[in-house]
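Number 1174 marks the last residue of the sequence shown (my numbering); no jumps.
Cβ atoms here follow ideal geometry from the backbone N, Cα and C, with glycine treated the same way.
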Amino acid sequence: MGQIEDLRLFVHIVEQGSISKAAEKLNVAKSAVSRRLAILEDRYAVALIQRKPGQWEVSDTGKELYQRALGVVSDVDAIAGDFTHEPRRVEGPLSISVGHELGLTFLSPILTNFQEQHPDIQLNVNFDNRTIDLAQDNFDFAIRITAGVVNEGNAKLLGQSRTGVYASKTYLTINGTPKTVKDLKRHKLLGFGTAKRGEWTFKDPKGGTTKIAFKPVMGSKSGVFLGDAARQGLGIVRLPEFVSRPLITSGDIVPILEDLCHSPLNIYLMYAENRRFNRRMRLFSEEIQRACWGAEYPAGS
């Protein structure tokens, strides 16, 4: 067995989470897998897997080798795929960290459709808004939404989500409908986040910018929660379209100040620096970009 096949074997061990599962996956004896792992550890003079009774963990060096081995194995597989005519199955685990509300609303059907189209890929999706270290936490991708622009080379723009200002008909009937940004100061405003002060920025049709600073009557980092609060008539809210669309369709909230524009939120597919794509990563990257830009929303500004 050559060095590339040794690296491929190590990739299988890490991805399967055990030597026995890797042996079963490869249809070889467990003892053979253990022996090749030992040879690999002797070659690099380091423990790649910490093995104790009741404990199995990839060492820090093992994690680094896994990331680099993925690139080597991926290149070899890509060459084989490019220069042979036999179609090859794309299989193996794919771990993705997805922003919580974007994932559960807009991205959920896209991700499940990807799994249906590629059943041999073990798709693992973690819904989490926290900042993660993709390499350290062993995620292939993270999908995040931000008001800013990410210029790093390890981020691909998937699309943009429009935002708007909304309120329930009941709230507007009782409190009146604001006609200008200044009118908002007389209303109950719901703020995204937990800060004591909020700020909204608007652009008029001529390109001018207007800002309003306010003290939220309610704040939350959940747009879904704020949308529900607006639905109940608790105030006026600014929401991304992937959150507001179902509420608008049901008639629970209506848009206001529609002649004003808001800067769109940017949605990015992010991956670890210097990470070389394997076949399933490349496939997911291509398909998620097509799905997001081809959707009715959030793509567009």
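Asked                                                                                                                                                  : Found
To the nearest angstrom, how far is the alpha carbon of V946 from that of I877?                                                                        : 7 Å
On the criterion of 16 or more Cβ atoms from any shown chain inside 10 Å, does Y1144 qualify as buried, or is it exposed?                              : buried
Hey, quick one: how far does the beta strand (DSSP E) through S970 stretch, first residue to last?                                                     : G965 to V971
Can you tell me whether R1155 sits near the ligand SAH, meaning its C-beta is under 7 Å from at least one heavy atom of the ligand?                    : No copy of the ligand SAH occurs in the structure displayed, which carries no ligand at all.
Residues in the same chain with beta-carbon distance under 7 Å from G1096, minus the five sequence neighbours each way, listed in chain order, please. : E974, F1065, L1112, P1113 and V1116
Which residues bound the alpha helix (DSSP H) around V1116?                                                                                            : E1114 to T1122
In the structure shown, what three-state DSSP assignment does V1054 receive?                                                                           : coil
Which value, in whole angstroms, describes the spacing of the CA atoms of G927 and N1151?                                                              : 31 Å
Contact between the segment 1022–1035 and the segment 1135–1144: three or more CB pairs below 8 Å?                                                     : yes
If you reduce the DSSP assignment to three classes, tell me which class A918 lands in.                                                                 : coil
Report the rounded CA-to-CA distance for L1133 versus V1022, giving the unit in angstroms.                                                             : 22 Å
Using the three-state DSSP reduction, which class does G1081 fall into: helix, strand or coil?                                                         : coil
Count Cβ pairs between the segment 964–971 and the segment 1006–1014 that sit closer than 8 Å; are there 3 or more?                                    : yes
How about T1046 and I1129: are their beta carbons less than 8 Å apart?                                                                                 : no
S860 lies in the alpha helix (DSSP H); which residues open and close that run?                                                                         : Past the boundaries of the shown model lies residue 860; the chain is included only from 874 to 1174, so the question cannot be answered.
Sort out for me which residues DSSP pairs Y1039 with in a bridge.                                                                                      : V1110 and P1128
Give me the DSSP bridge partner(s) of G935.                                                                                                            : According to DSSP, which records beta bridges pairwise, G935 is partnered with nothing at all.
List the whole-angstrom C-beta distance separating I1109 from K1061, where the pair is believed to meet the contact cut-off of C-beta under 8 Å.       : 7 Å
Looking at the unbroken alpha helix (DSSP H) that takes in I877, where does it start and where does it end?                                            : Q876 to Q889
Rounded to whole angstroms, what's the CA-CA distance from R1153 to R941? Just pull it up for me.                                                      : 16 Å
What does the alpha-carbon distance come out to for the pair L910 and N900?                                                                            : 16 Å
First and last residue of the beta strand (DSSP E) that includes A1102?                                                                                : Looking at the DSSP string, A1102 is not in any beta strand (DSSP E); the run it does join, the alpha helix (DSSP H), is G1096 to R1104.
By how many angstroms is the C-alpha of G944 removed from the C-alpha of L913?                                                                         : 17 Å
Quick one: is S1174 buried, meaning 16 or more other Cβ sit within 10 Å of its Cβ, or exposed?                                                         : The pLDDT assigned to S1174 is 39, lower than 50, so where the model puts this residue is not dependable, and the model offers no usable value.
For K1076, does the three-state DSSP call read helix, strand or coil?                                                                                  : strand
Could you check which residue in T978, N986 and Q1009 has the C-alpha nearest to that of T934?                                                         : Q1009
Using only alpha-carbon positions, find the residue among V998, K894, E1025 and P1119 that is nearest to E1146.                                        : E1025
Which partner residues of W1166 appear in the DSSP bridge assignment?                                                                                  : W1166 pairs with nothing; no bridge assigned.
Residue range of the alpha helix (DSSP H) that F987 falls in?                                                                                          : S981 to Q990
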